[in-house]
Structure formats: structure tokens, C-alpha cells
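Engineer: Pasting a structure below so you can have a look.
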Amino acid sequence: MLDEIDTRLLASLQKNGHLTAHELGEVLNLSPSQAGRRRQRLEAEGYIQGYSARLDPARLGLAVQAFLQVQLNNHPPQNGDGFGSLVRTRPDIVGAWTITGEADYLLRVYCADLPALNRLIHEVLLPHPTVTRVQSQIVMDQPKRDAPLPT
Numbered sequence: 004m005l006d007e008i009d010t011r012l013l014a015s016l017q018k019n020g021h022l023t024a025h026e027l028g029e030v031l032n033l034s035p036s037q038a039g040r041r042r043q044r045l046e047a048e049g050y051i052q053g054y055s056a057r058l059d060p061a062r063l064g065l066a067v068q069a070f071l072q073v074q075l076n077n078h079p080p081q082n083g084d085g086f087g088s089l090v091r092t093r094p095d096i097v098g099a100w101t102i103t104g105e106a107d108y109l110l111r112v113y114c115a116d117l118p119a120l121n122r123l124i125h126e127v128l129l130p131h132p133t134v135t136r137v138q139s140q141i142v143m144d145q146p147k148r149d150a151p152l153p154t
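This is the structure:
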């Protein structure tokens, strides 16, 4: 169970994963050793799965963000496994979800430009033997960036 201090610690680390035990202790009104032990416990228990840097896609030359809805032609387990393997090998696919509704998968992709997105759809996804349809939504603007999880 998480107590109020744990949830504050998690919220603080989501905002800044570089916080030292000393800085966490100040935020939480704990000693650095207490704050460090709490962080280690939350890591060990799987609440904290890792730390990463948030990069600017535009600075990396990734001008197009899109969401792709992918519909499979049928649903034996090996179809999903095969398509899932394809999704996991593609660095341009940065997120993938199985979903309810007309589509089976929702993919979040970043590409350098529209021709690169077109190649991903027409040369990679649609030729896959289990894929029936791909529908794309190109992101025009992102008024809210990926936010921390509510704690």
C-alpha cells in the first residue's frame, strides 16, 4: 500500500527523475536516507519501472507524429503474436495498444516526414499477412504533452 508520502515521492520523481535523496528529503520533509530508502522500496516493488529522458522529436528530425489504427483479418493467437513482434522491432512505432472497437491495435508513430509515414504504412504494415486495414490520424498539434500519471 502507498501512503501519502509515497504518492508525493512518485509525483516528484515523475516531474524530475534526477532528484537526489537529499532533494527528495527536502520535498518530503524526510531525511535523505529515509527518502532514499523509500525510493529504493518503490523501485523494488515495481512502482517505479525506470528512468528516462524526454526528447524533443522536432530537434531529432521527427516532424510527423501520427496514430494508426490497425485492423487484423482474423484473430488466432499467432496473428496477434506475429503482428506484435513486428511492432516491437520498429523504432518508429513508439507506442502500441490492443483496443476495443473496429480496430485491433492503436499505434503511435513518429516519422521524419509524410513520405516516411507513407512507407511505414504501405511497405511495412499493409503487406503484413494479418493486416486488413490501416487508418491514420496525423497529429496537427499537441496542446498537452504526455503528462505524469495521477498519483
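With our numbering applied, the sequence shown covers 4 to 154. Ideal Cβ placement from N, Cα and C applies to all residues, glycine included. Keep in mind that this is a model prediction, so the values were computed, not measured.
Please confirm if the segment 54 to 64 is in contact with the segment 28 to 46, defined as three or more CB-CB distances below 8 angstroms between the two stretches.
Structural biologist: As far as the Cβ criterion goes, the segment 54 to 64 does not touch the segment 28 to 46, which means the pair count is below three.
Engineer: Taking the alpha carbon of Gln72 as the point to measure from, which residue in Pro118, Thr154, Arg148, Val112 has its own alpha carbon closest?
Structural biologist: Val112
Engineer: By how many angstroms is the C-alpha of Asn32 removed from the C-alpha of Cys114?
Structural biologist: 44 angstroms
Engineer: Just the Cα atoms here: how many angstroms apart are Asn121 and Ser88?
Structural biologist: 21 angstroms
Engineer: Does the beta-carbon of Tyr54 have 16 or more other beta-carbons within 10 angstroms, so that it is buried, or is it exposed?
Structural biologist: Within 10 angstroms of the beta-carbon of Tyr54 lie fewer than 16 other beta-carbons, which makes it exposed.
Engineer: Specify the secondary structure class of Gly28 as computed by DSSP and reduced to three states.
Structural biologist: helix
Engineer: Drop a sphere of 10 angstroms on the beta-carbon of Arg57, count the other beta-carbons inside from all chains shown, and report buried for 16 or more, exposed for fewer.
Structural biologist: exposed
Engineer: Give the range of the beta strand (DSSP E) segment to which Ser139 is assigned.
Structural biologist: 134 to 141
Engineer: If we ignore side chains and look at the alpha-carbon of each, how far apart do Leu13 and Pro132 end up?
Structural biologist: Looking at the two C-alpha atoms, the distance is approximately 43 angstroms.
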